[in-house]
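In what follows, a structure is listed as structure tokens, so that the remarks can point back to it.
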Amino acid sequence: MTPGRRHLEPLKEWLIERFIWLCGVSAIFFVFAIFIFVFREGADYFFSGFKAGEFFTSIEWYPTSRTHVRYGALALITGTFSVSFLAMFLAVPFGLGAAVFISEFCPPRLKEGLKIVIELLAAIPSVVWGFIGLTIMNSLIVRLFNAPIGLNMFNGAIILALMSVPIIVSIGEDALKAVPDSYREAAVALGCTRWQMIFRVLLPAARNGLLAAVMLGIGRAVGETMAVLMATGHSIRIPHGVLEPVRTLTATIAAELGEAPVHSDHYQVLFIIGILLFTITFVINITADFIVRGIGRK
Numbered sequence: 048m049t050p051g052r053r054h055l056e057p058l059k060e061w062l063i064e065r066f067i068w069l070c071g072v073s074a075i076f077f078v079f080a081i082f083i084f085v086f087r088e089g090a091d092y093f094f095s096g097f098k099a100g101e102f103f104t105s106i107e108w109y110p111t112s113r114t115h116v117r118y119g120a121l122a123l124i125t126g127t128f129s130v131s132f133l134a135m136f137l138a139v140p141f142g143l144g145a146a147v148f149i150s151e152f153c154p155p156r157l158k159e160g161l162k163i164v165i166e167l168l169a170a171i172p173s174v175v176w177g178f179i180g181l182t183i184m185n186s187l188i189v190r191l192f193n194a195p196i197g198l199n200m201f202n203g204a205i206i207l208a209l210m211s212v213p214i215i216v217s218i219g220e221d222a223l224k225a226v227p228d229s230y231r232e233a234a235v236a237l238g239c240t241r242w243q244m245i246f247r248v249l250l251p252a253a254r255n256g257l258l259a260a261v262m263l264g265i266g267r268a269v270g271e272t273m274a275v276l277m278a279t280g281h282s283i284r285i286p287h288g289v290l291e292p293v294r295t296l297t298a299t300i301a302a303e304l305g306e307a308p309v310h311s312d313h314y315q316v317l318f319i320i321g322i323l324l325f326t327i328t329f330v331i332n333i334t335a336d337f338i339v340r341g342i343g344r345k
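Put into structure tokens, the structure is as follows:
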């Protein structure tokens, strides 16, 4: 190596280190920039006319009323959580079960094929899932459950579960694959069956990654927009059963933001809903982080 190149090596390493540092810091910067933008758009109404009591306790959402405007988001919040958690009730067993099958039972050739199919499922646009809920699932639910309408909470939950399963399977399979083979060999040497090895060795060893997979699935379900807009019936009500139509926070923003006059009260309340969604996802991620850290210490 020539002396000139030898002197350039420290500069190249410094530039690479700075670039990597900038990439890491930029992610934090963009998150804060998004939050500041959303908060700025709704700040005027938030500090002047926003009624937190009505917003969180009332189900009356009449943003365009000429005589009595009301911004009650309780039904929207309830619809969001009911659809999301029903979707997770369906997706988590199937997702983790598929991850265990692919990791521990699946032959190598079939494993590669299934992983490709799972990646293709993750690549399907949400509007396509919405069309599936609007056309196929709608008629199936009416026919099988004798429901008055097939666009309801159950329809949206099935679509969200199908959208969340690829994430849970992919990350869950990676977490199980990251468990050292010595754990498996030690379990077999002690006389464990395959199922005993999975339940008593692999799942406890991979619980951090499996929990992360579930939390990412919840985040996907809470933040989904087009699929729930098309599949849940878009009705503002507190659901008393899984076959009733609901409306979510994300669907409300997508449906009304384009028609709300810029900087009007209605426009700013929709951004306040965006702040609420941002806070919900932040709390989910922080909670998952604390749970994972607690599990890691044990």
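Residues in the sequence shown are numbered from 48 upward in steps of one, following our numbering.
Glycine is no exception: its CB is placed at the ideal position from the N, C-alpha and C atoms.
Treat the numbers as computed from the prediction; the structure is a model and nothing was measured.
* To do: Go ahead and pull the three-state DSSP assignment for Gly305.
  => Here residue 305 refers to the residue found at position 258 of the sequence shown. Coil.
* **Top-ranked residue by Cα proximity to Ile106, from Ser112, Leu121, Thr272** => What you label residue 106 is simply residue 59 of the sequence shown in a count that begins at 1. Each of Ser112, Leu121, Thr272 was checked against the Cα of Ile106, and the nearest Cα belongs to Leu121.
* Taking only runs of the alpha helix (DSSP H) that begin and end inside the stretch 130 to 192, which ones reach a length of at least 4 residues, in chain order? -> DSSP runs (the alpha helix (DSSP H)) wholly in the stretch 130 to 192: 155 to 170, 173 to 179, 185 to 192.
* For Ile183, I'd like the list of residues in its chain whose CB is within less than 8 Å of its CB, leaving aside the five on either flank, ordered along the chain. => The count along the sequence shown starts at 1 and reaches residue 183 at position 136. Closer than 8 Å at the Cβ level, and outside the excluded window around Ile183, lies no residue.
* Can you give the Cα-Cα distance for Arg113 and Ser311, rounded to whole angstroms? -> Indexing the sequence shown from 1 puts residue 113 at position 66. Indexing the sequence shown from 1 puts residue 311 at position 264. Approximately 14 Å between the Cα atoms of the pair.
* With a cut-off of 8 Å, do at least 3 Cβ pairs link the stretch 222 to 236 to the stretch 269 to 285? -> At 8 Å Cβ cutoff, the stretches do not touch.
* Arg156 to Ile149 span [Cα, whole Å] -> On the sequence shown, residue 156 is found 109 positions in, with the first residue counted as 1. On the sequence shown, residue 149 is found 102 positions in, with the first residue counted as 1. Looking at the two C-alpha atoms, the distance is approximately 11 Å.
* Looking at the structure shown, is Val293 part of a helix, part of a strand, or coil, going by DSSP? -> Walking along the sequence shown from the start, residue 293 turns up at place 246. Secondary structure at Val293: strand, using DSSP grouped into helix, strand and coil.
* Going along the chain, which residues of its own chain have a beta-carbon closer than 8 Å to the beta-carbon of Thr111, five neighbours each way excluded? -> Looking up residue 111 in the sequence shown gives position 64. So the list reads His313, once near-sequence residues are dropped.
* Can His346 and Ala298 be called in contact, C-beta distance under 8 Å? -> In the structure as shown, the chain starts at 48 and stops at 345, and residue 346 therefore has no counterpart that could be examined.
* To do: Using the Cα positions of Ala99 and Ala225, report the straight-line distance between them to the nearest angstrom.
  => Taking the first residue of the sequence shown as 1, we reach residue 99 at position 52. Taking the first residue of the sequence shown as 1, we reach residue 225 at position 178. Here the C-alpha atom of Ala99 lies approximately 46 Å from the C-alpha atom of Ala225.
* Close-in-space but distant-in-sequence residues of the same chain around Thr272 (CB under 6 Å, 5 per side omitted) -> By 1-based counting over the sequence shown, the position of residue 272 is 225. The residues are Thr297, Ala301.
* **DSSP-derived helix/strand/coil call for Arg117** => For this step, residue 117 is matched to residue 70 along the sequence shown. Strand at Arg117.
* **Span of the alpha helix (DSSP H) around Asn199** => By one-based count along the sequence shown, residue 199 stands at place 152. Where Asn199 is concerned, there is no enclosing alpha helix (DSSP H), because DSSP gives it neither an H nor an E.
* Nonlocal neighbours in the same chain, by C-beta distance under 6 Å from Gly256, ignoring five residues either side -> For the purposes of this step, residue 256 is taken as residue 209 along the sequence shown, with counting starting at 1. The residues are Ala222.
* Go ahead and label Ile347 buried or exposed: buried means 16 or more other beta carbons lie within 10 angstroms of its beta carbon, across all protein chains shown. => Since the first residue of the chain shown is 48 and the last is 345, residue 347 is not available in this structure.
* To do: Let me know the secondary structure DSSP gives Gly288 once reduced to three states.
  => Here residue 288 refers to the residue found at position 241 of the sequence shown. Gly288 falls in the coil class under three-state DSSP.
* Asked: Can you tell me whether Val78 is buried or exposed, with buried defined as 16 or more other CB within 10 angstroms of its CB?
  -> Sequence index remark: in the sequence shown, residue 78 carries index 31 (1-based). With fewer than 16 Cβ atoms within 10 Å of its Cβ, Val78 is classed as exposed.
* To do: From the DSSP output, read off the bridge partner residues of Trp108.
  => Stepping through the sequence shown from its first residue, residue 108 is reached at position 61. Its beta-bridge partners are Tyr118.
* By Cβ distance, which residues of its chain are closer than 6 Å to Ser131, with the 5 residues on each side in sequence left out? -> Position 84 of the sequence shown holds residue 131. Excluding positions up to five away in sequence, the list reads Ala268, Val269.
* Asked: Looking only at its own chain, which residues have a Cβ that is under 8 Å from the Cβ of Thr328, when we skip the five neighbours before and after it?
  -> As a position in the sequence shown, residue 328 is number 281, starting the count at 1. Answer for Thr328: Gly266, Val269, Gly270, listed in chain order.
* Coil, strand or helix - Gly238 by DSSP -> Mapped onto the sequence shown, residue 238 falls at position 191. In the three-state reduction of the DSSP assignment, Gly238 falls in the coil class.
* Mark Ile320 as exposed unless 16 or more other C-beta atoms lie within 10 angstroms of its C-beta, in which case mark it buried. => For the purposes of this step, residue 320 is taken as residue 273 along the sequence shown, with counting starting at 1. Burial state of Ile320 is buried, judged by a 10 Å Cβ sphere holding 16 or more other Cβ atoms.
* Which residue comes first and which comes last in the alpha helix (DSSP H) that contains Arg254? -> Here residue 254 is taken as the residue at index 207 of the sequence shown, counted from 1. First-last of the alpha helix (DSSP H) with Arg254: 254 to 270.
* Asked: What residues match up with Gly280 in a beta bridge as DSSP calls it?
  -> Locating residue 280 in the sequence shown gives position 233, counting from the first residue. According to DSSP, Gly280 bridges with Val293.
* Asked: Looking at C-alpha atoms only, which residue of Pro213, Leu181, Tyr118, Ile81 is the closest neighbour of Val164?
  -> As a position in the sequence shown, residue 164 is number 117, starting the count at 1. With distances taken between Cα atoms, Val164 lies closest to Pro213.
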